[in-house]
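Participant: The numbering used here runs 10 ahead of the 1-based position in the sequence shown.
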Amino acid sequence: MPGRCTISTIHGGCKDYFCENCDRKFGLKHQLLRHQKTVHEGLKDFACDKCDKKFGIKHQLLRHQKTIHEGRKDFACDKCEKKFGYKWIMIQHKRTVHEGRKDYACDKCGKKFGRKLTLITHQKIAHEGRKDYACDNCEKRFGRKLLLLLHQKIVHEGQKDYACDKCEQKFTQKSNMLIHQRTVHEGRKDYTCDNCEKKFGHKSGLLLHTRTVHEGRKDYLCDKCKQKFRHKSSLLYHQKTAHEGRKDYSCDKCEQKFGLKSSLLKHQKTVHEGRKDYSCDKCEQKFGHKSSLLYHQKTVHEGRQDFACHKCEKKFGHQSHLIEHKKTVHEARKDYACDKCEKKFGKKSNLLDHQKMMHDGRKDYACSQCEKKFGRKGNLFVHQKIVHDDRKNFACNKCEKKFGKKYNLIRHQGTAHEGHQEERAERYQENVETLKKMREKVNWLSAEDRRRFVGSLSFAISYWKGLIPNIRDIFKPEEIECLLSDAVNYKNGDGYNDRGNLLIHFVTRSGYKNEPDFDKNGEPLVRRTTAVHQAAKLRSTDWIFAVSELFKVYSSCEANYTDESGLTHFHVACMSGVNYIVEKFLELGQDPNCIVRETGDSPLHLALDSDVNVKEVIELLLKNGADPNLANEEGSTPLHISCKKKPSFDYRLTEFFSRSTNKSISWCGSTRRTSWDYFAKRFVSRTQMRRACGGLSIVERLEKSGYELDRDAALTIMKIFAEYGLFKKSMDPNNFWYEDEKFASESEKLMIRRDLSLYDFIRLRPEEAAKLVTYSDIFNLSRYIAFRELPEGPREACAVHLCEITSKRFFRRWALHPFMELTGHQLPILCCEIIMKKLMNEDLWRICLTAADQNCHDQLPNLRDVFRPEEIDWLIAEEVPRKVENDGYNARSYKFPLIEFVIRTGYKDKPDDVDENDKPSSLCTTPAHLAARRGFISVADKLLKIYNRFDVNYSDASSGLTHFHVACAAGRYDIVKQFLELGQSVNGVEERERGDSPLYLALNHYYREERWSNCCWRAGPIRIWQT
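1. Would you identify the three-state DSSP class for R773, choosing helix, strand or coil?
2. Once you ignore the five residues that flank R140 on each side, which residues in its own chain have a CB closer than 6 Å to its CB?
3. Between R753 and the rest of its own chain, which residues show a CB-CB distance below 8 Å, the 5 nearest in sequence each way excluded?
4. Please state the DSSP three-state secondary structure of P804.
5. Identify, in the order they occur along the chain, each residue of the same chain with its Cβ nearer than 8 Å to the Cβ of A862, setting aside the five sequence neighbours on each side.
6. Any chance you could list the alpha helix (DSSP H) runs of at least 4 consecutive residues sitting entirely within the segment 579 to 645, in chain order?
7. Where do the N-terminal and C-terminal ends of the beta strand (DSSP E) with R763 fall, by residue?
8. Please go through the same chain and pick out, in chain order, the residues whose beta-carbon is closer than 6 Å to the beta-carbon of Y27, but skip the five residues on each side of it.
9. Where do the ends of the alpha helix (DSSP H) carrying H132 lie?
10. For P648, which residues in the same chain have their Cβ closer than 6 Å to its Cβ, ignoring the five residues on either side in sequence?
11. Could you tell me the alpha carbon to alpha carbon distance between S792 and C145, rounded to whole angstroms?
12. Taking its Cβ as the centre, do 16 or more other Cβ atoms sit within 10 Å of F818, making it buried, or is it exposed?
13. Can you tell me which of A887, K918, D919 and G215 puts its alpha carbon nearest to the alpha carbon of P907?
14. So what does DSSP say about A342, is it helix, strand or coil?
15. Given this structure, state the Cα-to-Cα distance separating I727 from E334, to the nearest angstrom.
16. Could you name the residues that DSSP lists as bridge partners for A318?
17. On the three-state DSSP scale, how would you describe K209?
18. Over the uninterrupted alpha helix (DSSP H) stretch that includes A252, give me the two end residues.
19. Any idea what DSSP makes of L270, helix, strand or coil?
20. Consider the Cβ of C29: report whether some Cβ of chain B lies at a distance smaller than 8 Å.
21. Taking the C-alpha atoms as reference points, what is the distance between K920 and E880?
22. DSSP three-state label for L933, please.
23. Excluding sequence positions up to five away, which residues of its chain have a Cβ less than 7 Å from the Cβ of N603?
24. Can you tell me whether DSSP reads A497 as helix, strand or coil?
25. Within 10 Å of its beta-carbon, does A825 have 16 or more other beta-carbons around it, so buried, or fewer, so exposed?
26. I'd like the list of long-range same chain contacts for D916, defined as Cβ closer than 7 Å, with 5 residues on each side in sequence excluded.
27. In three-state DSSP terms, what is T7?
28. Assuming H973 contacts L1011 (C-beta within less than 8 Å), just tell me the rounded distance between them.
29. Taking Cβ to Cβ, would you say K952 is nearer than 8 Å to I909?
30. Which runs of the alpha helix (DSSP H) fall wholly inside the segment 366 to 454 and span at least 4 residues, in chain order?
31. Examine the Cβ distances between the segment 575 to 582 and the segment 529 to 544 and report whether three or more of them are shorter than 8 Å.
32. Determine, using beta carbons only, whether K250 and F268 come nearer to each other than 8 Å.
33. Who are the near neighbours of I514 in its chain, counting only those whose CB is closer than 7 Å to its CB and skipping five residues on each side?
34. I need the DSSP call for L535, collapsed to helix, strand or coil.
35. In the DSSP assignment, what are the bridge partners of T202?
36. I'd like to check one pair, G298 with R314: are the Cβ atoms closer than 8 Å?
Shown next, in the form of structure tokens:
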């Protein structure tokens, strides 16, 4: 018989024991005590000996061990054979799954649940807004503990424990893996839409589809532009890319940027890996995206065009195409303007294609069979289909002639089949006779008469129909030349040359080609001013079109016509970017360094000074031996010309250097004007951050290309900072501009990198901050709309602060040696670095300025213009005495004015005898060896500024002493580091004469310098061996 307590609690519903902490009721006292001990006191006395998990009740421990560690599931559902470890879970499963019971309804929103606990959790999260579980790593909060644990495992630990046994794809949750197997490998889509019969593999997908497509709900509103979105993810993506200007995922192969990581992965998979995993089962065409396959099947094979324009009844297969059609055709909107030529486009993709092909000169799609390149992928496909596959899908229904392009078919039908051949012949003859009569009335000696004739002729041509005549049957060659010259100089009332260009185009369509005259020796007569010269000098608005058309007439490159100033057709082709003409001239042996007699400009000068895309021309010229150091009459080299161009032509500077890596570039022209003076002007119109970081970013790229900056160039760049106020001033420590409330909140959202916000970055120590970002990162930050919308005062202070910390390494690098010179090399290098860490960029600039002695510094000659290299070596060697009277390390009292003078002129040793890899023989005795052997270590140290090639370790034949030994003996940490980075071995390089190793020489220097031991014992080359 059951006890009285059991009857009263279970059957009578009596619960007489109340918990004082949470008001929960219990029927038995021991239940109350157990509840208080486990829930409120947190006592868990029973620990699992296998996983260390603890429990408050012993039977919970036993149940855990049985189900988790032994894997027992003793309770099976008699309807679906699913097994459970607990009986109550099985009962709950039957009630909710098979009986469909949801007995617990929310009194606020009416939503029903099968379990009471689920209802309580729903009310707490949805209606009370409670999220009691916070992540320790990112402070994100969750309403359920399970979601917190799942978040930590997925995001912070990166665990993916469930792998598909069919495709090895991994998942963080078992349920996701099962859904993947069911939908992808089994092809099951169990959830069907009642409205359109579309099927889904997951119920959430069906609900989302119903809400967004059929109910038309857009529940997510952007608080900045009021645009609405169907999905929260779409809203977040829109805010990040449109308002914050962020595209955090960049392709490492083509530098294209994306707002979503999935978009980057799709781009890499389809574009660079060439993968097309989705094939059509009807025509075997393959696609990189599943959506493209579905769209193809719907529009091509099913013929569906579900979106019709209500104005012109044109139909489209995709809604976005319909919207685009309305905007561009019926509203005539062209919202996308090119910032370089102001041409406008209705589609953003057309703008990007235009910029890529016209201004960047990119043709990214190359044919694998003939290496022809195209700017658009569609053009490549058409080329392959027509040329290599010989597919001509458009056949004429009248003559069975076939064409590869539809518009060629339409043009053929319009010209060949419209009207009778006799009528067309009669009309052609009438047009020719009309032109002949017009020609007879012209006084060819009158410029005004010819001008009127060009206008009348252009008007007649504009209404021309039918075949184009052979104009040699109408005009004499000299008259055609005269017409072309007059057409180039013709101006409409509005200043444009539409009529002149129409006449030029008509002549080229007629197939007219210029034929040069020859002298008695069979050589072409090239002294002649043509329409090409006139178009190039006139530089009208559309001169590029005129020149490109005229080169179809003057396509023979046997005669390089030259006008009275020395300008040739080859020069014009270079400055106008007509690549095929430049290539033809060079193949025929044209000198790439021929200059314009009047200005002294070389083809490279003209190409770099042009306002059109000339990347391929620059490449052709440099490949064929164009000299990048030629100076024109003004003393400017091609580098000067490139530096003077506006910032939108920055690609020329980088292109110029990337193609000139086998040449030594002179930074000064014949007038000794440094290119960096021009370089400074490139950034006048930019903001502070863009001036500083944009400039230093280009400098960094130049140095990576193998070009050495000298101290004068670095000082010029520092002057730019001074002139445009890019130096940070000492600030009141209480004036924390970054604590501005609005600035702080907005800067937290602005990401410099994916894992680093602006707010976090400006709080880092300057040394640490400078290591985390590049000049390009800060330059890109300055272009974000979100950055420009920050509060003006804090934003300007932030800009100067960012300029200061990111450019610090440049200033320290160039101020180190001037600082050591000003201190007379009395301080070790590490002490100098410690002092310089405390200085600001403006202080470092003044150090460089003082060392350079700008006010009285005379122009120094180029020693190579006076002496041969072997003579300079002999003079330097004679400067070093035969022996040292005192300790060689204290030989600073000796004066070596000649060596100091050679260093100040910037002379660098450049050996003539080099191998095919541009490396000289390492067996060579230099004055640095002589100075070190005679005890003048400090002099040898100075000589390493002249003999500064560290990819070759020059060795003295008699003693085995090398430049590496000299650097170690002089304590030159920076030079030793360069040797080691270039592959110099530390061991097995002992000096033969005395057997001294590099480490011995470094230690010997270390103990001789008493100040080093007083400042910091980890100094000089010793640091290298310690690491």
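Don't be surprised by glycine CBs; every beta carbon is placed ideally from N, CA and C.
Facilitator: Taking the structure as given:
1. coil
2. K134
3. The sequence shown places Phe at residue 753, rather than the Arg named in the question. So the list reads W747, L800, P801, P804, R805 and C808, once near-sequence residues are dropped.
4. P804 sits in a helix when the DSSP states are folded into three classes.
5. The answer, listed in chain order, is R721, D722, L725 and P828.
6. The segment 579 to 645 contains these whole alpha helix (DSSP H) runs: 579 to 586, 589 to 597, 613 to 618 and 625 to 633.
7. M761 to R763
8. Within the same chain, Y27 has close Cβ partners F36, K39 and L42.
9. Element bounds for H132: K126 to H132.
10. L614, H615, L618 and P638
11. 33 Å
12. Strictly speaking, residue 818 in this sequence is Lys, with Phe absent from that position. K818 is buried by the Cβ-count criterion.
13. A887
14. coil
15. 48 Å
16. K325
17. In the structure shown, K209 adopts extended strand secondary structure according to DSSP, grouped into three states.
18. A252 -> no alpha helix (DSSP H), and no H or E assigned at all.
19. coil
20. In the structure shown, chain B does not exist; there is a single protein chain.
21. 11 Å
22. strand
23. Contacts found: S612, A636, D637 and L640.
24. helix
25. It counts as buried.
26. Before going further, note that residue 916 is Gly rather than Asp in the sequence given. Taken in chain order, the residues that qualify are D720.
27. Absent from the structure is residue 7, since the part of the chain shown begins at 11 and ends at 1037.
28. H973 to L1011, Cβ: 12 Å. No contact.
29. yes
30. 387 to 393, 416 to 422 and 431 to 450
31. yes
32. The criterion of a C-beta distance shorter than 8 Å is not satisfied by K250 and F268.
33. L494, A497, A556, E559 and L560
34. coil
35. K209
36. no
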